[in-house]
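One structure below.
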Amino acid sequence: MALDPKLLEILACPEDKGPLLYLPDEDSLYNPRLRRRYAIRDDIPIMLVDEAETVDDAEHQRIQAKVKTEGIVPTFDPSTPPRSNGDR
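Read in order, the letters of the sequence shown are residues 80 to 167 in the working numbering.
Shown next, in the form of structure tokens:
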């Protein structure tokens, strides 16, 4: 089951507060800036820094190639201000 699009709009890395890349077929969210992968278990993102996996250079390159090939976009655009409750 895929994560709710509304949830994806607000998910950010707990460490640098930046956007993540959602890899649904790998059940993970990835932060390319810190090279950290957050697991998704039973449709629940595990957004704990201590539980994140730091990936090596080869894995980072694989993920980046996949993102480019599949057109995966970040969970949000950091240059866009957050929507207010009235915008929904």
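Backbone N, C-alpha and C define an ideal beta-carbon position, used for all residues, glycine too. As the structure is a computational prediction, the values presented were derived from the model and not from experiment.
Answer yes or no: do residue i and residue j have a C-beta to C-beta separation smaller than 8 Å?
{"i": "Ala118", "j": "Asp135", "result": "no"}
{"i": "Glu94", "j": "Leu113", "result": "yes"}
{"i": "Leu99", "j": "Leu108", "result": "yes"}
{"i": "Ile122", "j": "Leu82", "result": "A quick correction: the sequence has Asp, not Ile, at residue 122. Yes, these two residues count as a Cβ contact at 8 Å."}
With a threshold of 16 other CB atoms inside 10 Å of the CB of residue i, please say whether the residue is buried or exposed.
{"i": "Arg141", "result": "exposed"}
{"i": "Thr154", "result": "buried"}
{"i": "Arg167", "result": "With a pLDDT of only 47 at Arg167, under 50, the local geometry of the prediction cannot be trusted, and no value is derived from it."}
{"i": "Arg120", "result": "exposed"}
Across which residues does DSSP place residue i in a beta bridge pair?
{"i": "Thr133", "result": "Arg115"}
{"i": "Pro84", "result": "BP columns for Pro84 are empty, so no partner."}
> Which full runs of the beta strand (DSSP E) of 3+ residues lie inside the stretch 92-131, going along the chain?
Replying inline: 100-102, 107-110 and 115-120
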